[in-house]
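Numbering (the working numbering), first residue to last: 52 to 251.
Don't be surprised by glycine CBs; every beta carbon is placed ideally from N, CA and C.
In this text the structure is predicted, and so the values were computed from the model without any measurement.
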């Protein structure tokens with residue numbers, strides 16, 4: 052049975068994620084995350100797209116990417132990033148064989164029933180991934196995640212992040228936008244508490 056064709060659209064926001072081969076913790080070491088960051092930065096130099104958020108967990112990653120008119124497709128962007136990560140890892144470790152478990156999965160945020168609310172829930176869901184895995188106690192502690200771009204006006208991440216227009220629409224000032232953004236964190240933490248997952 053042929054696999055479903057990926058929907059490649061311009062000017063939409065994708066939530067993309069991909070898992071390591073056999074769900075192994077290949078992304079756990081910082082030097083591997085550094086390779087991933089380098090691959091992402093190379094993609095940003097090569098292709099025209101907006102990186103909205105990233106986060107790594109031991110065996111998978113989450114990216115939020117917005118495609119642009121006249122830019123590359125999400126398939127080309129993600130294929131490039133994943134291939135560069137695999138090449139760098141195998142070359143550095145002397146390993147051979149695939150790095151990734153399957154092709155990346157993605158959803159289009161604008162196709163949800165309530166895109167803006169879904170976007171903000173997703174931002175906190177992604178940021179809390181390493182918290183749920185008990186790698187860190189607070190998403191603000193992530194050394195490679197980019198949540199702090201949306202919380203600290205002068206924060207400089209390891210990769211170039213473009214602030215999404217949904218966040219810009221939250222208020223007239225950065226402080227006002229942050230205050231409203233943090234309200235979504237409280238809602239997310241309440242949801243975690245309901246399902247019995249410790250938030251911190």
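| Asked | Found |
| --- | --- |
| Backbone CA spacing between residue 151 and residue 68 [nearest angstrom] | 11 Å |
| Whether residue 139 touches residue 219 by CB criterion (8 Å) | no |
| Chain D contact for residue 180 (CB, 8 Å cutoff) | The question asks about chain D, but that chain is absent: this structure has only one protein chain. |
| Reference residue 188; option with closest CA among 123, 118 and 179 | 179 |
| Residue nearest to residue 103 in terms of C-alpha spacing, selected from 183, 63, 148 and 182 | 63 |
| Status (buried if at least 16 other CB within 10 Å, exposed otherwise) for residue 121 | exposed |
| Proximal residues to residue 74 (C-beta, below 7 Å), its chain only, five neighbours per side dropped | 110 and 152 |
| When 57, 71, 106 and 215 are compared against residue 167, the one with the closest alpha-carbon | 215 |
| Alpha-carbon to alpha-carbon, residue 196 and residue 181 | 10 Å |
| Beta bridge counterpart(s) of residue 175 as assigned by DSSP | Note: residue 175 sits in no beta bridge, so no partner. |
| N-terminal and C-terminal residue of the alpha helix (DSSP H) that residue 88 is part of | 81-97 |
| Buried versus exposed, by CB contacts within 10 Å (16 or more), residue 185 | exposed |
| Beta-carbon gap between residue 61 and residue 147 smaller than 8 Å | no |
| Residue 106, buried or exposed, once every other Cβ within 10 Å from all chains shown has been counted against 16 | buried |
| Rounded distance between the beta-carbons of residue 93 and residue 127, thought under 8 Å | Not confirmed; about 13 Å, so no contact. |
| Unbroken alpha helix (DSSP H) run spanning residue 217, endpoints | 216-219 |
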